[in-house]
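Those sequence lines, one after another, are chains B, X, F, S and L.
Each residue of the first sequence is one higher than the last, beginning at 39 in the numbering used here.
Each residue of the second sequence is one higher than the last, beginning at -9 in the numbering used here.
Each residue of the third sequence is one higher than the last, beginning at 22 in the numbering used here.
Each residue of the fourth sequence is one higher than the last, beginning at 27 in the numbering used here.
Each residue of the fifth sequence is one higher than the last, beginning at 14 in the numbering used here.
A short write-up of the structure that comes next.
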Amino acid sequence: AGCSSKAKDKDSGKAGAGGVKTDVGVTDKTIKLGVLTDMTGVYATLGKSVTQAQQLYVKQANAEGGICGRKLELVVRDHGYDPQKAVAGYSELEPDVLGFAQFIGSPFVAAVKQRITTDKALVLPQAWSASLLGSEYIRVLGSTYDIETINAIDFLMKEKGLKKGDKLGHVYFEGDYGENALAGSKYMAEQNGLTVVEQKIKPTDNDMTAQVAALKKAGVKAIVISAGPRQAASLVGVAAATGLTVPIIGNNSAYAPQLLGTQAAPALEKMYYISTPSLPIGDDAEGPSKLAADYAAAYPKDSLDNGVVAGWTAAETFGEALKRACEAKDLTREGVDKALLGIKDWNAGFGVHDFTDPSAPSSLESVIIKPDKAAKGGSSVVREAEISDAAKSFKR
Amino acid sequence: MQGAALTVRDLSASYGPVRALRSVSLDVPEGACVTVLGGNGAGKSTLLRAISRTLAFHGGSATGTVHFDGKPLHGTGADRVVGEGICQVPEGRQVFARMTVEDNLRAGALGARGDRAAKAAALRRVHELFPVLAERAHQRAGLLSGGEQQMLAVGRALMAGPRLLLLDEPSLGLAPLMAARIADTIREINSQGVSVLLVEQNAALALKLAETAYVLEVGEVTLSGNADTLAASDEVRRRYLGVVDEDAAADAGRATAEHPVLTRWEDTP
Amino acid sequence: MSDTAAATAQDVPALEVRALTVKFAGLTALDAVDFTVAPGTVHAVIGPNGAGKSTCFNVLSGVYRATSGSVRFGAHELTGEPPHRIAARGIARTFQNLALPPRATVADSLLLGRHRLTRTGFVAAGLRLPQAVREEARHRERVREIAAFVGIEEHLAKPAGSLPYGLQKLAELARALCMEPRLLLLDEPVAGMTADERRRTAAVIAGVRDSLGISIVLVEHDMGMVMRLADSVTVLDFGKRIADGTPAAVQNDPAVVRAYLGQSEESA
Amino acid sequence: MSTFVELLLNGVSMGSVYALIALGFVVIFKATEVVNFAHASLLLAGGYVTAVLHDDIGFWPALLVGIAGAALVGAAIEFLVMRRYRGHDHSVLAIATIGVDILLVTDLTRRIGTDVLAVGDPWGDAVLEIGPLTIAHTRIAAFLAAGLLITAFLLAFRYTSWGVAMRAAAENAETAALMGIRLGRVSLGAWAVAGGLAAVAALFLTVFPTPGLERATSLAALKAFPAAILGGLDSTTGALVGGLVVGITESLATGYQSDLTFLGRGLGELAPYLVMVAILLVRPAGLFGTKELARV
Amino acid sequence: MSDVLTKPAPEAATPRTRKLPGPRVYVWLAGFVLLLVLPFYLERFWLQAGLFAMAAAIGAIGLNLLTGATGQLSMGHAFFLAVGAYGYCAFAGDGADGLTGLGLPTWLAAVLAVGLAGVAGGVFSPIAGRLRGAYLGIATLALIFIGQHVLFNAHDLTGGFNGRDVPPFSIFGLTFDDSELLVAAVPFGTAEKLWYLGLVLLLAGGLFARGVLRGRPGRAMNAIRDHQIAAGVMGVPVARYRAAVFVLSSMYAGLAGVLLALVFQRTVPEYFGMVLSLEYLAMIVIGGLGSVSGAVVGAVFVSLLPQILTRYSDSLPLVSEAGTGGVSPGEAAKYLYGAALVAVVLFLPGGLVRLAARRPKASSAQPSGTEGNDR
Ligand SMILES: Nc1ncnc2c1ncn2[C@@H]1O[C@H](COP(=O)(O)OP(=O)(O)OP(=O)(O)O)[C@@H](O)[C@H]1O
Ligand SMILES: Nc1ncnc2c1ncn2[C@@H]1O[C@H](COP(=O)(O)OP(=O)(O)OP(=O)(O)O)[C@@H](O)[C@H]1O
Ligand SMILES: CC(C)C[C@H](N)C(=O)O
Ligand SMILES: [Mg+2]
Ligand SMILES: [Mg+2]
């Protein structure tokens, strides 16, 4: 079987066009990037926006002549949030892409973590769970759920009158997302003498009546929700209707502008806030407004949500890393990883990132926004990007 | 209710590779009672299934023509056949085991053409024929005794107020008294003008009831004609009427000698 | 047939049914019934429909629990034992309504009858241990013998469901014989057979008794059959025993005639 | 205390929605003995039609069209799939319904995309306040609808021959045919009815307090499984009782989860199944289902 | 079926193929040799897909013993897979990751994990013993939800949502991990090595199950499925048999779970959900109820089809780039999968094995028609 196609011929680091060292996924013409997304599963909403934003970025980058004289090319695999397909997708793409501009499903990222470390391919997961930190090949963009939650509660305390001794309700998804966020609220609780009233839910729960009843009974002064948009809408709606008029703040993934089309809208606008790692796409800063315009042009049928921002940021970050690796004449996987490690105080248009420390998210700041029918993208900024002291002091 | 004539012309049936009927022709004149005799596997049940269009349920298929009251039945569905007023008591009772006796009878009346009153009358009739069915109205049919189930099967058929009654071994598992009562019932219904096609292992009983008889053997009609003349033929006497009791005892004695003896089983591991 | 009876007395015990009572919601199916089946004899149980004959069989084979009363097979009390235990004591039965899996081949059904006589467990079968293979072969051979004896040898490979009713009945009889029973319970074995088929089956049953010397309890509505085969008869009506004795005696018992036979005896 | 009553109320109102879904399972099971995994997609179909139409033709007409549409889809499933099956094994057909479900759900979610569709119901987020208790109008409506429909079916099954025909057809097709029952029509009817019921259930799954119809709405069908089973798969009453039991269990388990932490959090989804198993241990055919009784 | 009937050929062929199965043996051999050399040519994706299929096949065989042969509908199979997978991690794990681990030798851990799954099945079987048909099916569904709850909540045993790392399997000093091992100049990683382990396990499991099904236990199991009362009267201890089968099938599931864990290299709770259970049911139905070959064919079909569809999704007919409004590749894959399920059930009532069936069972399968009567 020596004639086997798989027989070893190590080709790492041979110099290519323009004397740039390359190995996997890069030819003289193209740079291949993998995208492991979910467009038919539970995170389809997120996956679709993220992917389309990244395809938009690639289109634009290529229009400007590509990167390092090479055209970018995305290889998209839709795993439908199914572990088997996700792992299979990684196995399939890994041998012929330079890195992954998107990987939805932190459990799956965790599942292939060992292999990522041996393959050394850069992976930018679309998940903000602290459990993903610590590898120099898996880089979380923007604040993790725990940080996000800490900043959220900081906002509640500074501006919404939540104070020492109060009870704080926290409704969260089972799984990495919710439980990582819970870590944040627990930390805040012990820092500021709050008590957290936990309500764990599953993605199949759409009706928050029982949760509200329980929180009401506990007498909470504010509520954090780390779930999906539906649950947030239901929670806010019920709370409003049953006279539990306390501020409610959610994580980035707990809001979608589509909600403003439903009858939950008034309540949302009245008492709901969202803590996000980046400026909302609706912001009139020039980064957001350009993206919003371009995206709307490219995908007129689809709505502008934070997934678009997340996707764009990831793509642009990867692009930046490639550009710098190109300058260093090293487009090998190691080269790109090294390049990214060098990026500091860099603003992709939605917030400042610092990739020098693999054990920390690229940013600790959160923007507090609120639902807003009037605003483009369905949300407007309440508190500009800011890193709470608690977030700084937070050690995991 | 008025009977009608059934004409079957070279009807053949097969279950996949298994041929069960070979161009069988037979007539049930209006208001007549016709019986079909035949050994195991002769094709009696197949014949009835072919008439009532239920062969498909057994993975079987039929060719040939069946006319009832002048209308062709071949190529129609079972429900149409019932709609025409043909009603069958299937082989092996086939009561709806999980339904109550009452509901079984109601199910029987589903295909009936009569109005409420007619159905009520039919129900009364059935109850007086088989009082046990009234007593057990609310018992699960599957829990009835074999004979009681047979009564239910027959009663269920009567509920439909048919013009032609297809009976597949109605006396199966019935005690002599009850068998006799079924016989009387058949006679009575027939006298009311309902045509009857009777498949019956109890040939003595069948030949008493029927005017005409057919003998099926491995899917073909070998004998047919007036019931009494057939009853007289010794072929029929031997095979279907059995021998009279006196020499039966002797016969049993002979039997022991005849058949191969089964040796005891000694396990030799 | 006293000789064979004598020959078998030691390994075929008597069956003694005492004060057997079975009640279902609001109905007494068996009411203090007594009878005894002498070793190596054919004992008929007859009676109108719903008299309790099959119920009696169901108790004897452990399918129903007796409300009260006792059933002794030799030294063993059978009431309260689960069916497979009773089967292990060498009691086999056929069913009034066929209980043959329609898709399984006749051969497989008969082999199932050998279950209690074979040992092969999951591991042995899974690993195809030699003794398992040998056992299988030996018992297939015996199955063939029995099938030939009953007269269904040529149908062994067919799925039972494709056989006509009468042959399925014979297959059930064969399956019961495959259990090498010491007591054989037959529930209407000739129902749905023509006269000469009945005669053949009767001969088979007589043959079983004579060549194996086992006891047989026979439930049958065909009086001719009962007269031919039975050594003694018990008559049930509404769960009560209304007569017991030799066929001749019972046949002329007025109570029996009234409750069961009727004046004009219809059945051939 | 008032919390308990509030949770109870909420449980009852959720339960009545589950009851509606369970009723859909029951009808199909009665008529065909098939466990219908495609029910989720029927829900989605009904809800989708209602949601997209209500703007143009108003809520009530949209709802009617939605019901009709879902009924049509149900009928189509029966006609195109169930009827074509030549075997006899009901669990095999159940697998076919899984395939159907995948097809329909994929298509509908594709249409729905990332949207959250409002159904434009008249109740909005209005609530009824009784002392300290509050209950949403939508929930009251759900409760009434469920009660009404289920009573209707009870009566239909009792006083028309429909129920008898269904059960006969399900138990023994051949003999049912011999009774003149049109097998095709019976199961077609059952599927259509199930579809209609699904559409009604979908309505109450997508009104307040849930934001609206979106791709995950159909998941709620899962919760009706224990409802249908613990009530008895072939019992209309069972569907109602089962639905309520599940709703109440879920509501209480959620409301008091902070007192049940030793069982781990998020019991809401699990609890109904535990209750179901407990009930099945005592009554293997559910509370009102017909027992499997066999004799020989 | 009818296609078989129109031509009596199968009848004629029957005795020959039974008595001297010459040609078929060679086909089998060729196939087996092919399987042996595949790792030298296939890339990791395909090997992994193959391994998923093998694991699925093992699990499906177990389910077919339970549901196909004994008639006990189970939707809880995924639970027992989870027990196997997590059991292996717990027995083999060294606790370095802060999770409970006994640090046993991995081969022993694997054996124990399979045993554990068996025990789990045994514990549930009394409940199962009381239930029938759909009721049993949905009751077993409860296992899934219990399982998921435990997997997510028993952090220090299961690692919660993050799952656990799977210690690489090692036996006779050979470790099944990515550590370089050159065979004929071909680098052998996890997939390549596990491939052979998978083959061995599947072959062993398949032959064992076949033996069981064709032997005395198999007949007893079918009897219980077809007529429980009669089975008892024929001397089959029904309750004990049902329990035994439940245990056996759970052990197969456990084995499949262990193999899956080894392939995944990390166990994630999401995987062991209801969908997985339904997929296993789909496998045995599509392949053919009650037979080993059915289980294997079905498993390969159900677990490979989606992967292949996803892989070549971009080149599927009438799919369009994501976002352009048309059918996305992922969706197209799902459509085809759903359609395939329906089609197989409708047009191959006996399952895919019927296609290749040469045994008389298949050709003279008429009485499936009479089957309705005994219901
Ligand atoms: N479902 C079936 N599949 C295959 N062959 C069948 C099927 N049903 C009947 N047959 C065959 O068709 C032939 C006729 O069967 P049929 O049941 O009509 O005989 P019958 O006269 O009714 O016998 P019996 O008096 O025992 O009921 C038999 O050879 C039988 O083996
Ligand atoms: N499981 C049960 N539940 C309720 N009633 C039953 C049950 N089993 C039998 N019965 C009733 O007990 C009575 C006796 O039934 P059994 O089957 O013993 O009668 P049989 O003597 O066998 O009658 P046949 O000659 O018709 O077979 C019948 O009235 C029957 O309805
Ligand atoms: C909530 C989602 C946006 C991210 C989630 N943690 C995942 O696993 O993909
Ligand atoms: Mg017949
Ligand atoms: Mg009886």
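Ideal Cβ positions, reconstructed from N, Cα and C, are used throughout, including at glycine.
From a predicted model like this one, the values you see are computed outputs, not experimental measurements.
- Restricting attention to 170/B, 294/B, 195/B, the CA atom closest to the CA of residue 174/L is found in 170/B.
- Taking 8 angstroms as the threshold, the shortest C-beta distance from residue 170/F to chain X falls below it.
- Under DSSP, residue 75/B forms a beta bridge with 116/B.
- Cβ-Cβ distances below 6 angstroms link residue 250/S to 44, 47, 48 in the same chain, with the five nearest sequence neighbours on each side left out; the list follows chain order.
- In this structure residue 151/S is in contact with residue 279/B, their Cβ atoms being roughly 5 angstroms apart against a cut-off of 8 angstroms.
- If you draw a straight line from the Cα of residue 78/B to the Cα of residue 90/B, it comes to about 14 angstroms.
- Distance between residue 319/S and residue 291/L, taken at the CA atoms: about 29 angstroms.
- By the Cβ rule, the segment 94 to 114 of chain L counts as touching the segment 179 to 192 of chain L, because three or more pairs are nearer than 8 angstroms.
- Residues of the segment 271 to 286 of chain L with a Cβ closer than 7 angstroms to any Cβ of chain F: none.
- In this structure, DSSP gives residue 182/L a state outside helix and strand, which the three-state scheme calls coil.
- For the set 253/L, 365/L, 277/L, the Cα lying nearest the Cα of residue 149/B is the one of 277/L.
- The distance from the Cβ of residue 260/F to that of residue 52/F is about 4 angstroms, consistent with a contact at the 8 angstroms cut-off.
- Not a single C-beta of chain F is nearer than 8 angstroms to the C-beta of residue 155/X.
- In the three-state scheme derived from DSSP, where H, G and I count as helix and E and B as strand, residue 263/F is classed as strand.
- Think of a sphere of 8 angstroms around the beta carbon of residue 281/F: the chain X residues whose beta carbon falls inside it are 165, 166, 167, in chain order.
- In chain order, the residues positioned with their C-beta nearer than 5 angstroms to some heavy atom of ligand 2 are 133/X, 134/X, 135/X, 136/X, 137/X, 45/F, 50/F, 70/F, 71/F, 72/F, 73/F, 74/F, 75/F, 76/F, 321/S.
- In the structure shown, the three-state DSSP call for residue 236/F is strand.
- Per DSSP, residue 163/B is one residue of the beta strand (DSSP E) stretching across 160 to 163.
- If you keep only unbroken alpha helix (DSSP H) runs of at least 4 residues inside the segment 230 to 258 of chain B, you get 247 to 256.
- Between the beta-carbon of residue 39/F and that of residue 89/F there is about 10 angstroms, and that puts the pair past the 8 angstroms contact cut.
- In terms of beta-carbon proximity, residue 42/X stays away from the interface with chain F, with every pair separated by 8 angstroms or more.
- The C-alpha of residue 263/B is placed about 32 angstroms away from the C-alpha of residue 172/S.
- Going by DSSP, residue 107/S is part of no alpha helix (DSSP H) at all; its letter is neither H nor E.
- Residue burial is scored here from C-beta neighbours: residue 65/S has at least 16 other C-beta atoms within 10 angstroms and is therefore classed as buried.
- Between ligand 4 and residue 74/S, a heavy atom-to-CB distance of less than 7 angstroms is absent.
- Residues of the segment 90 to 115 of chain B with a C-beta atom less than 7 angstroms from some C-beta of chain L are 90, 93, 114, 115, listed in chain order.
- One Cα belongs to residue 145/B, the other to residue 281/L, and the distance between them is close to 7 angstroms.
- Of all residues in the segment 59 to 87 of chain L, only 86 place a beta-carbon less than 7 angstroms from a beta-carbon of chain S.
- At a cut-off of 8 angstroms between beta-carbon atoms, residue 332/B makes no contact with chain S.
- Residue 293/L carries a helical assignment under DSSP once its states are collapsed to helix, strand and coil.
- Judged by the Cβ position, residue 10/X qualifies as a neighbour of ligand 1 at the 7 angstroms threshold, a heavy atom of the ligand being closer than this.
- Of the candidates 209/X, 194/X, 83/X, 172/X, the residue whose Cα lies closest to the Cα of residue 2/X is 209/X.
- The residue from 247/B, 245/B, 268/B, 236/B with its alpha-carbon nearest to that of residue 261/B is 236/B.
- From the listed residues 76/B, 423/B, 109/B, the smallest Cα separation to residue 315/B is found for 423/B.
- Within chain S, no C-beta atom comes nearer than 7 angstroms to that of residue 184/B; the closest sits roughly 18 angstroms away.
- Contacts between residue 204/F and chain L, judged by CB atoms closer than 7 angstroms, are missing: the closest CB pair is about 13 angstroms apart.
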